[in-house]
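Everything below concerns the one structure shown next.
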Amino acid sequence: MGSDVTPDPTEAQVSRSPSREDPLARLATTWLGGPVGLHARLGGTRWTPLAVAFAVTTGMFVLGVLQKVPCHGVGWPRESGFAFSHLCYTDVPYLYRERGFAQGNLAYLDTGNYPPLEYPVLTGVVMQVTAWLTQAFGSGDAMRDSVLYFDLTVVFLFACALVTVWALARLCLRRPYDVLFFAAAPVLALAGTINWDLAAVALTTCALLAWSRSRPYLAGILIGLGVAAKFYPLLLLGPLLVLALRTGRMRLWATTALSALAAWLVVNLPVMLLAESSWAVFWSFNTARMGDFGSIWYVLGLAGHPVKAVNTLSLGLFGLACAGIAALGMFAPRRPRLAQLAFLTVAAFLLVNKVYSPQYVLWLLPLVALARPRWRDWTIWQVGELLYWLAIWLHLSGSLAAGGAGRLYWLAVVVRVATTGYLCVLVVRDILRPSADVVRAGDLVDDPTGGPFDEAADADWWRGGRSWRPEPTERALHEEGVAR
Numbered sequence: 079m080g081s082d083v084t085p086d087p088t089e090a091q092v093s094r095s096p097s098r099e100d101p102l103a104r105l106a107t108t109w110l111g112g113p114v115g116l117h118a119r120l121g122g123t124r125w126t127p128l129a130v131a132f133a134v135t136t137g138m139f140v141l142g143v144l145q146k147v148p149c150h151g152v153g154w155p156r157e158s159g160f161a162f163s164h165l166c167y168t169d170v171p172y173l174y175r176e177r178g179f180a181q182g183n184l185a186y187l188d189t190g191n192y193p194p195l196e197y198p199v200l201t202g203v204v205m206q207v208t209a210w211l212t213q214a215f216g217s218g219d220a221m222r223d224s225v226l227y228f229d230l231t232v233v234f235l236f237a238c239a240l241v242t243v244w245a246l247a248r249l250c251l252r253r254p255y256d257v258l259f260f261a262a263a264p265v266l267a268l269a270g271t272i273n274w275d276l277a278a279v280a281l282t283t284c285a286l287l288a289w290s291r292s293r294p295y296l297a298g299i300l301i302g303l304g305v306a307a308k309f310y311p312l313l314l315l316g317p318l319l320v321l322a323l324r325t326g327r328m329r330l331w332a333t334t335a336l337s338a339l340a341a342w343l344v345v346n347l348p349v350m351l352l353a354e355s356s357w358a359v360f361w362s363f364n365t366a367r368m369g370d371f372g373s374i375w376y377v378l379g380l381a382g383h384p385v386k387a388v389n390t391l392s393l394g395l396f397g398l399a400c401a402g403i404a405a406l407g408m409f410a411p412r413r414p415r416l417a418q419l420a421f422l423t424v425a426a427f428l429l430v431n432k433v434y435s436p437q438y439v440l441w442l443l444p445l446v447a448l449a450r451p452r453w454r455d456w457t458i459w460q461v462g463e464l465l466y467w468l469a470i471w472l473h474l475s476g477s478l479a480a481g482g483a484g485r486l487y488w489l490a491v492v493v494r495v496a497t498t499g500y501l502c503v504l505v506v507r508d509i510l511r512p513s514a515d516v517v518r519a520g521d522l523v524d525d526p527t528g529g530p531f532d533e534a535a536d537a538d539w540w541r542g543g544r545s546w547r548p549e550p551t552e553r554a555l556h557e558e559g560v561a562r
């Protein structure tokens, strides 16, 4: 019976072709002959949206590696700010040489004359395994081997990017080309290999995929592993909590949260027990950190208005933002989509955080693809991020260090904050005016990545004992008619 009503996948792809529904994409296809026609049929080709996304991701990583060639050829010297002035900086080779990996030290357990590793445990495990591979195939020279260490890390990060693309493609089945908002991002090429953030991005995107398939245990495990690699995946539990409260599905949230805690403990407990002081460095380092590069707090300091209580203000502003997001999720006339609240939460954290490293933009890439897939808005945001990426290296090299030139760095930070804030405003507008939400356009779907929240009614207790359900989508009405 279902086969009689399921739309042809090819037709679905045509109807959701970017060149037909996005003004900027339509304009961009002019030189190719214009947008996909009304009677055009896709299919019969190996170039599926996922294959295209894999190819584009590969191209972006190749560009990213080529962009690092000036530093790669000389081994990323620390002296004279070479990596900053040539715009090819990455943390990877420096950490290999400056955290004892080159001397065979074990992450967290051995420090010797080196500072303890200031990274979460799962990231430390990846760094350690890569160091073992480097020592197995390297020359024994720390400078040369740090380049090999970078090369091996790039392979790992490329795999993480492909996993992210795969998971995002599964999340965007009704809008398959939305995966290109991640794959085609210039910042993927420029920031993808600065640090190990793509590992957490891949785990977070897979967690969203697991939740969309109504698998809370797996979603929790993946969130826990993500937190073991980077702090930010923990933020997903906030939007999940808000939507669970509104739909009365707290048991699912508790299952996810407990699974996340269990997975995090499995990774962290061994290091906590064997090297508690080294394990705690990540937390103490970030707590003691003052307003640092890329943050509004850092710019205020450069402008002669240093903020002393940065921890209190940053945490307080983020708490207020979370309260506002929670209120929006609870009181919006129509329940927001999970991706929308997740994007707002992570974006709020990045806007008021004490530091903004250029690779942090990677955290938002999949969420933008799910929350606000519009090429014009994405392009505006990317321009802001690219401006900041350029400004931070010139600032660190001393090119934007003083006088009027220094203010260009301040401007870059302000533009980055403004473009991210611009996306936040649009997402809030989409929540309050669902007709503006391109994912819900035509009321065909409710929350395609929401899993248990998709088409769910609000809890009776939340509506004062009166069962309430949003207006049925066209899909729900169609399925109800078929069932009868």
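The numbering of the sequence shown is this note's numbering, which starts it at 79 and goes up by one.
Ideal Cβ positions, reconstructed from N, Cα and C, are used throughout, including at glycine.
Please report the residue range of the alpha helix (DSSP H) in which residue i lies.
i	result
residue 205	199–215
residue 418	416–430
residue 168	Looking at the DSSP string, residue 168 is not in any alpha helix (DSSP H), and its letter there is neither H nor E.
residue 278	275–290
residue 466	453–475
residue 302	294–307
residue 45	Limits of the chain in this structure are 79 at one end and 562 at the other, which puts residue 45 out of reach.
residue 529	It is not in any alpha helix (DSSP H) - residue 529 carries neither H nor E in the DSSP assignment.
residue 149	147–152
residue 264	264–269
residue 443	439–449
Which of the three DSSP states, helix, strand or coil, is assigned to residue i?
i	result
residue 188	coil
residue 538	coil
residue 505	helix
residue 320	helix
residue 238	helix
residue 409	helix
residue 372	coil
residue 227	helix
residue 125	coil
residue 361	helix
residue 434	coil
residue 389	helix
residue 157	helix
residue 394	helix
residue 403	helix
residue 499	helix
residue 256	helix
residue 381	coil
residue 177	coil
residue 105	Bear in mind that a pLDDT of 49 at residue 105, under 50, signals an unreliable position, so the number given afterwards is only what the model happens to contain. Three-state result, residue 105: helix.
residue 248	helix
residue 82	Any reading at residue 82 is ruled out, since the residue's pLDDT is 39, under 50, leaving its predicted position unreliable.
residue 313	helix
residue 137	helix
residue 494	helix
residue 486	helix
residue 511	coil
Compute the Euclidean distance between the alpha carbons of residue i and residue j, then round it to the nearest angstrom.
i	j	result
residue 455	residue 378	28 Å
residue 249	residue 194	39 Å
residue 409	residue 461	33 Å
residue 247	residue 414	21 Å
residue 162	residue 471	5 Å
residue 152	residue 382	38 Å
residue 507	residue 406	11 Å
residue 167	residue 146	7 Å
residue 442	residue 226	29 Å
residue 204	residue 215	17 Å
residue 401	residue 314	15 Å
residue 196	residue 363	7 Å
residue 325	residue 418	16 Å
residue 288	residue 450	21 Å
Shorter than 9 Å from the beta carbon of residue i to some beta carbon of chain B?
i	result
residue 397	Protein chain content of the structure displayed is limited to a single chain, and chain B is not contained in it.
Going by the beta-carbon positions, is the gap between residue i and residue j smaller than 9 Å?
i	j	result
residue 372	residue 434	yes
residue 139	residue 304	no
residue 351	residue 186	no
residue 340	residue 403	no
residue 198	residue 427	no
residue 268	residue 474	no
residue 143	residue 232	yes
residue 391	residue 375	yes
residue 337	residue 302	yes
Can you tell me whether residue i sits near the ligand MG, meaning its C-beta is under 8 Å from at least one heavy atom of the ligand?
i	result
residue 421	Annotation note on the ligand MG: not contained in the displayed structure, which lists no ligands.
Count Cβ pairs between the segment 362–376 and the segment 423–432 that sit closer than 8 Å; are there 3 or more? With three or more CB-CB distances shorter than 8 Å, the segment 362–376 counts as touching the segment 423–432.
Below 8 Å, can you find three or more Cβ-Cβ pairs linking the segment 284–293 to the segment 496–512?
Too few Cβ pairs lie closer than 8 Å, so no.
Do three or more CB pairs link the segment 322–338 to the segment 167–183 at distances below 8 Å?
Here the segment 322–338 does not lie against the segment 167–183, with fewer than 3 beta-carbon pairs under 8 Å apart.
- Item | Stretch-stretch touch, CB-based, cutoff 8 Å, three pairs: the segment 216–236 with the segment 257–265 | Counting Cβ pairs under 8 Å, fewer than three are found: no touch.
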